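Put into C-alpha cells, the structure is as follows:
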C-alpha cells in the first residue's frame with residue numbers, strides 16, 4: 053500500500069481522536085510510549101492507585117493496624133466494592149460481592165447452581181460447559197460435576213440450546229471467547245437455560261468494563277468475573293460474584309467460610325449462612341488488593357458504557373481496516389467475528405508464525421499477546437487507547453509481516 057494511504061489513515065486517526073468522548077480518561081492512567089494492546093490480560097495502572105495503596109499500607113495498616121477493620125471499613129469492603137462493580141455488569145445493588153479468585157468463584161457458583169437445580173429435581177445430573185472455555189473454567193466445571201455426582205457435557209455455546217433437557221442442572225458459559233473475541237448471546241442462551249429448568253453461570257472476564265453487560269435484564273442466575281483486565285484492578289486483584297437477589301437465600305456455597313456466616317464473630321461451631329450476597333464470601337479478604345481495586349474503579353466515574361462500547365467497536369473496526377492496508381494480503385486472517393453483535397473488545401489474527409511475530413511486535417513497542425498455536429491477540433481498552441495507537445500498531449505489524457507498514461525506529465515512536 054502506498055504512503056498516501058498510510059498518511060490518510062493517520063489523518064483519520066487524528067480526527068477520530070479529536071472527536072473521542074472518552075479521550076480525557078487517558079490521562080487517568082500511567083502510560084508510556086508503548087502501544088498497550090494487552091488490557092484483556094492485565095489492564096494499565098490507574099494513576100490514583102499508588103497513592104491509595106501507600107495510604108493503606110502506611111496509615112491504615114501501619115498506624116491503625118487492627119482498628120482498620122472497623123475504622124477504615126476493611127470488613128465491609130467486599131460488599132462496598134461490589135456495589136461499585138454492580139452498575140458495570142447491569143446489576144442492581146445488593147447482588148455483587150468481591151471475594152477470592154475467579155477460579156474459586158466459578159467453583160462456588162457452579163456447585164451452588166447444581167444444588168439449586170437438584171433441590172427442585174434430583175434427576176438433574178448434567179453440567180454443560182463451554183467447550184472452548186478458558187482452561188480453568190473447564191477444570192473447575194469437571195471437578196464441580198464430580199463433586200455433585202453429575203456428568204460433564206462440553207459443547208460450543210451455539211449448540212447449547214439443543215443439548216438442554218430434563219437432566220441439565222447447570223450451564224457454565226463465557227460471555228466472550230478468550231481466544232477469538234467472539235461475543236455470545238447472553239439474552240438468548242440465558243432464556244434457553246432457564247426455560248429448560250436449569251441454572252446458568254456466566255463468566256464475564258472478557259466483557260465487564262469493555263461493553264455493557266445486562267445481568268438483571270436478562271435474568272442471569274449467577275455470574276463471576278475478574279477485575280484485572282478491563283477493570284484495571286491490578287495483577288491478582290480479587291474476583292467478584294453475582295447472585296441474583298431472589299436466589300441469595302438458596303445459594304448453598306461449597307466453601308462455607310466464617311466470613312459468610314450470619315454471625316461471623318459469634319464463633320459458633322454450626323454454620324448459618326448470611327441471608328444476602330454476603331454468603332458468597334469465604335475467608336478473610338485480601339485487603340491490599342481489594343482496596344487497590346476500589347481506587348482503580350474511580351476511573352469509571354462519569355463514564356457511559358454506551359460510549360465505551362461505541363469506541364471499542366470503532367477501534368476494532370479501524371484496526372482491521374489498517375491491518376488490511378498495511379499487511380500483505382493473506383498474511384494474517386481475522387478469527388474475530390466481523391459482526392458487531394458477535395464481537396467483544398479484542399481482535400484475534402491467525403498467523404502461521406504468530407509467536408515470532410508477537411515477539412517482534414513487543415520489541416518494537418506494540419504489546420499484545422500470543423495464544424498457541426497461531427493466534428495474535430490484541431485487546432482494545434477504550435478508556436486509554438487512542439486511534440493513533442491503533443493505526444501505529446497496525447503499521448508496525450504490517451512492516452513485520454513484510455507489507456507496507458514499517459516498524460517504528462528507536463526513539464521515533466508516536467506519543
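Numbering (this note's numbering), first residue to last: 53 to 467.
In this text, a Cβ means the ideal position worked out from N, Cα and C, and glycines have one as well.
All figures in this text were calculated on a predicted structure; none of them were measured in a lab.
Would you mind giving the Cβ-Cβ distance between residue 332 and residue 293, rounded to the nearest angstrom? I have them listed as a contact below 8 Å.
4 Å
Can you list, in chain order, the residues of its chain whose CB lies under 8 Å from that of residue 324, leaving out five sequence neighbours each side?
313, 314 and 315
Pick from 351, 399, 410 and 362 that is closest to residue 76, judged by C-alpha positions:
351
What are the boundary residues of the beta strand (DSSP E) that includes residue 206?
Segment 203-207, the beta strand (DSSP E) holding residue 206.
Are any of the Cβ atoms in chain D nearer than 8 Å to that of residue 212?
As a matter of chain content, chain D is missing from the structure shown, which is built from one protein chain.
Under 8 Å between C-beta atoms of residue 129 and residue 343:
yes
Contacting residues, own chain, Cβ-Cβ under 8 Å from residue 81 (five flanking each side not counted):
96, 97, 98, 99, 284, 351, 435 and 436
Quick one: which unbroken alpha helix (DSSP H) runs of 4-plus residues sit fully inside the stretch 369-432? Chain order, please.
406-415
Determine the direct distance from the alpha carbon of residue 370 to that of residue 59, and round the result to whole angstroms.
When only Cα atoms are considered, residue 59 and residue 370 end up about 14 Å apart.
Residue interval of the alpha helix (DSSP H) (run including residue 254)
Residue 254 -> not in any alpha helix (DSSP H); beta strand (DSSP E) instead, spanning 251-255.
Of all the options 378, 66 and 255, which has the alpha carbon lying nearest to the alpha carbon of residue 272?
255
When DSSP labels each residue in this structure, what does residue 181 get in the three-state scheme?
strand
With H, G and I counted as helix, E and B as strand and the rest as coil, what does DSSP make of residue 465?
Note that residue 465 has pLDDT 45, beneath the 50 cutoff, so the model's placement of it is unreliable and no number is given.
Should residue 79 go down as buried or exposed, given a rule of 16 or more other Cβ atoms within 10 Å for buried?
An exposed status is given to residue 79, since fewer than 16 other beta-carbon atoms sit within 10 Å of its beta-carbon.
Whole angstroms are fine: how far does the CA of residue 83 sit from the CA of residue 456?
Spanning the two alpha carbons is a distance of roughly 28 Å.
Leaving out the 5 sequence neighbours to the left and right, which residues in its chain are closer than 7 Å to residue 426 when beta-carbon positions are compared?
402, 403, 404 and 406
Please classify residue 337 as buried or exposed, where buried requires at least 16 neighbouring CB atoms within 10 angstroms.
Classification for residue 337: buried.
Provide the residue span of the beta strand (DSSP E) that contains residue 436, from first to last.
If you look at residue 436, you'll find it isn't in any beta strand (DSSP E); DSSP assigns it neither H nor E.
Residue 358 (DSSP reduced to helix, strand or coil)
helix
Skipping 5 residues on each side, what residues in its chain have a beta carbon closer than 8 Å to that of residue 463?
Annotation note: pLDDT 37 at residue 463 (below 50); position unreliable, no value reported.
Does the Cβ of residue 392 have 16 or more other Cβ atoms within 10 Å, making it buried, or fewer, making it exposed?
exposed
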